[in-house]
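The next block holds one structure in the form of structure tokens; read it before the comments.
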Amino acid sequence: MNAPHLHYLTTSALALLLAASGAALAQSEPTALVDQQHCMFCHTRDAPFLAPSFQQIADRYRDVPNASVMLEHKLRLGGKAHWGDMAMPLPADRGGPLTPEDAHTLVQWVLSQ
Numbered sequence: 004m005n006a007p008h009l010h011y012l013t014t015s016a017l018a019l020l021l022a023a024s025g026a027a028l029a030q031s032e033p034t035a036l037v038d039q040q041h042c043m044f045c046h047t048r049d050a051p052f053l054a055p056s057f058q059q060i061a062d063r064y065r066d067v068p069n070a071s072v073m074l075e076h077k078l079r080l081g082g083k084a085h086w087g088d089m090a091m092p093l094p095a096d097r098g099g100p101l102t103p104e105d106a107h108t109l110v111q112w113v114l115s116q
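Each residue of the sequence shown is one higher than the one before, counting from 4 in the numbering used here.
Here it is, written out as structure tokens:
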């Protein structure tokens, strides 16, 4: 195999690896949890509705130390509004309590937006 073909194959393989790793970083929506908790009643992925979009939440908290712990706590217990007028409803008003694991799953998904 000559050098140009080897370079092309190496570059192509590297591009595929980078694309695959980027896809692995993007988490798929935990649809059952999103539906159970009625997240889409107040949030959308990319535009404010009754509450901030998931992208806005991710932009605000993605790089904040311990933000995931705070967000998981807020998801599990409800809480006052951090911006705007809409507070996070109590779990009983959203579809029931969340386990710490389910809260973690939802928050990690939101922060991956």
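Ideal Cβ positions, reconstructed from N, Cα and C, are used throughout, including at glycine.
In this structure the stretch 39-59 does not touch the stretch 67-75; the number of beta carbon pairs closer than 8 Å is below three.
Its chain contains D105, T108, L109 as the residues whose beta carbon lies nearer than 7 Å to that of L36, once the 5 sequence neighbours on both sides are disregarded; these appear in chain order.
One Cα belongs to F57, the other to R48, and the distance between them is close to 5 Å.
For E75, the uninterrupted alpha helix (DSSP H) run begins and ends at 70-80, by DSSP. Excluding residues up to 5 positions away in sequence, R97, G98 lie with their Cβ nearer than 6 Å to the Cβ of Q40 in the same chain. Counting along the chain, the unbroken alpha helix (DSSP H) around F57 starts and ends at 57-64.
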